[in-house]
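Trainee: Numbering of the sequence shown is given in the numbering used here, commencing with residue 2 and proceeding in unit increments. For each residue, glycine too, the CB sits at the ideal point set by N, CA and C. Values in this document were obtained by computation on a predicted structure and should not be read as measured data.
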Amino acid sequence: MNHYIRKSSCETIVLDDETMILNPESLTITKISQVGGFCWSQLSAAQSVHTLSAAVQEHYGDTELSVEQDITEFLFDLLECGLIEAKE
């Protein structure tokens, strides 16, 4: 099972409940949703899709079955942007 962690080189800015991630390696800024910001904060330590989904469900009281699929897609997007890395 893969675990994911954010890259230490990335910087985070939170303005008015909006989270933006600065990637100095690619000189990009990525804006993420409020739930995405919560997930990003959890990724300061290695997380699996399951542990991150459970944290979202606990924090937001969401019991939708699509949470794991949404988290999987979110992590894939972060990987594509070079903001996190996968560890086995």
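Since residue 83 and residue 26 are thought to touch, with beta carbons under 8 Å apart, how far apart are those beta carbons, to the nearest angstrom?
Mentor: For this step, residue 83 is matched to residue 82 along the sequence shown. For this step, residue 26 is matched to residue 25 along the sequence shown. With a Cβ gap of about 6 Å, residue 83 and residue 26 count as contacting.
Trainee: Got a sec? Which residues, its chain only, sit under 8 Å from residue 24 by beta carbon, not counting five neighbours each side?
Mentor: Sequence index remark: in the sequence shown, residue 24 carries index 23 (1-based). Cβ within range, chain order: 8, 10, 11, 30, 31, 82, 83, 84.
Trainee: Residue 44 by DSSP, collapsed to three states: which one?
Mentor: As a position in the sequence shown, residue 44 is number 43, starting the count at 1. If DSSP states are grouped into helix, strand and coil, residue 44 belongs with coil.
Trainee: DSSP puts residue 21 in a beta bridge; with which residues?
Mentor: Locating residue 21 in the sequence shown gives position 20, where the first residue counts as 1. 14, 32.
Trainee: Classify residue 77: buried if its beta carbon has 16 or more other beta carbons within 10 angstroms, exposed otherwise.
Mentor: In the sequence shown, the residue the question calls residue 77 occupies position 76. Exposed, by the Cβ-count rule.
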